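Participant:
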Amino acid sequence: AQSVTQLDSQVPVFEEAPVELRCNYSSSVSVYLFWYVQYPNQGLQLLLKYLSGSTLVESINGFEAEFNKSQTSFHLRKPSVHISDTAEYFCAVREWSGNTPLVFGKGTRLSVIA
Amino acid sequence: EAGVVQSPRYKIIEKKQPVAFWCNPISGHNTLYWYLQNLGQGPELLIRYENEEAVDDSQLPKDRFSAERLKGVDSTLKIQPAELGDSAVYLCASSPIAGGQETQYFGPGTRLLVL
Chain A
6 AQSVTQLDSQ VPVFEEAPVE LRCNYSSSVS VYLFWYVQYP NQGLQLLLKY LSGSTLVESI
66 NGFEAEFNKS QTSFHLRKPS VHISDTAEYF CAVREWSGNT PLVFGKGTRL SVIA
Chain B
705 EAGVVQSPRY KIIEKKQPVA FWCNPISGHN TLYWYLQNLG QGPELLIRYE NEEAVDDSQL
765 PKDRFSAERL KGVDSTLKIQ PAELGDSAVY LCASSPIAGG QETQYFGPGT RLLVL
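Here the protein sequences come in this chain order: A and B.
Throughout, my numbering is defined as the position within the first sequence, counted from one, plus 5.
Throughout, my numbering is defined as the position within the second sequence, counted from one, plus 704.
1. Can you give me the C-alpha to C-alpha distance between F68 of chain A and D767 of chain B, rounded to a whole angstrom?
2. Does the beta carbon of D760 of chain B sit closer than 8 Å to a beta carbon anywhere in chain A?
3. For L26 of chain A, which residues of its own chain have a beta-carbon under 6 Å away from its beta-carbon, when the five flanking residues on both sides are left out?
4. Looking at chain A, is there any beta carbon in it that lies within less than 8 Å of the beta carbon of L749 of chain B?
5. So, is the C-beta of K111 of chain A closer than 8 Å to a C-beta in chain B?
6. Under a CB-based cut-off of 8 Å, is V708 of chain B close to chain A?
7. Can you pull the DSSP bridge partners for Q741 of chain B?
8. Identify each residue in the stretch 53-80 of chain A for which the Cβ-Cβ distance to at least one residue of chain B is less than 8 Å, and report them in chain order.
9. With 7 Å as the C-beta to C-beta threshold (strictly closer), list the residues of the stretch 766-787 of chain B near chain A in chain order.
10. Is P84 of chain A close to chain B? Criterion is C-beta to C-beta, closer than 8 Å.
11. Given 8 Å as the limit, is there contact between the stretch 84-94 of chain A and the stretch 707-720 of chain B, that is, 3 or more CB pairs closer than that?
12. Pair every Cβ in the stretch 738-745 of chain B with every Cβ in the stretch 706-716 of chain B, then say whether three or more of these pairs are closer than 8 Å.
13. Quick check on this structure: which residue in B:F810, B:Y753 and B:L817 has the alpha carbon closest to the alpha carbon of G103 of chain A?
14. Taking the Cβ atom as the reference point for each residue, do C96 of chain A and Q7 of chain A lie within a distance shorter than 8 Å?
15. Let me make sure I understand the geometry here. Which of B:G789, B:L788 and B:Y794 has the alpha-carbon closest to that of A771 of chain B?
16. Taking the DSSP output, what are the residues bridged to S8 of chain A?
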């Protein structure tokens with residue numbers, strides 16, 4: 006079975022500063038990795054995902070995540086955050102077959118301070 | 705394109721009462737999911753449908769929870785009777801097809817409070 010650990014429950018950061026949200030996973034089989042974001046009063050939406058190929062994946066709003074197989078990590082980074090990035094971020098993992106559920110971490114609340 | 709629609713958005717009931725949640729997935733999405741999200745936790749799968757068939761309901765507490773997706777489109781999740789510990793957010797999601805790589809599209813959720 007897969008599991009996900011998000012090491013920080015809350016991350017406060019000043020506007021225009023860089024941020025890293027950490028995610029580690031555990032699995033005995035090959036997996037796909039996802040970051041979902043939940044803005045206040047909205048549903049979860051996909052931010053980015055790693056399927057195969059290049060280990061660095063990017064989103065349209067400046068976030069990026071790097072798959073590190075040896076460290077079983079998929080940390081999310083942004084070089085300069087905006088107030089609008091304030092949200093809850095969830096890391097998730099699912100095995101290639103799709104026969105097991107998408108497993109989420111507990112989430113990290115990112116608060117961007119003006 | 706309309707997103708996943710859920711209703712009601714909020715529900716307050718007394719314990720031992722029944723409650724039902726409704727979900728309308730994105731048009732054309734064959735796969736539908738119901739998740740439970742407790743405060744401070746990530747979503748946890750309750751049940752997954754492929755069209756009308758429940759293909760994974762191993763985490764659904766079947767003594768009090770039931771779900772249906774009769775025509776392979778809308779779905780209803782029911783709790784009867786509700787307990788205090790059922791207070792949580794119930795999320796519905798859909799995806800075009802099954803598969804580990806598929807993006808799931810989530811609705812805004814129904815926030816349930818059991819008194």
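The beta carbon of each residue, even a glycine, is placed where N, CA and C say it ideally should be.
These numbers come from a predicted model, not from an experiment.
Facilitator: Let's see:
1. Distance between the alpha carbons of F68 of chain A and D767 of chain B: 43 Å.
2. Chain A places a beta carbon closer than 8 Å to that of D760 of chain B, counting this residue as a contact.
3. Cβ neighbours of L26 of chain A beyond the five flanking positions: L81, Y94 and T113.
4. Answer yes: the Cβ-Cβ gap between L749 of chain B and chain A drops below 8 Å somewhere.
5. With respect to chain B, the C-beta atom of K111 of chain A has a partner C-beta closer than 8 Å.
6. Closer than 8 Å to some Cβ of chain A, the Cβ of V708 of chain B qualifies, so yes.
7. B:V793, per the DSSP bridge assignment.
8. Of all residues in the stretch 53-80 of chain A, K54 and L56 have a Cβ within less than 8 Å of some Cβ in chain B.
9. The stretch 766-787 of chain B vs chain A, Cβ under 7 Å: nothing.
10. Closer than 8 Å: no.
11. By the Cβ rule, the stretch 84-94 of chain A does not count as touching the stretch 707-720 of chain B, because fewer than three pairs are nearer than 8 Å.
12. No: the two stretches stay apart, fewer than three of their Cβ pairs being nearer than 8 Å.
13. That would be B:Y753, whose Cα lies nearest to the Cα of G103 of chain A.
14. Result no, Cβ atoms of C96 of chain A and Q7 of chain A do not sit closer than 8 Å.
15. Taking only the C-alpha atoms, the option nearest A771 of chain B is B:Y794.
16. Beta-bridge pairing links S8 of chain A to A:S31.
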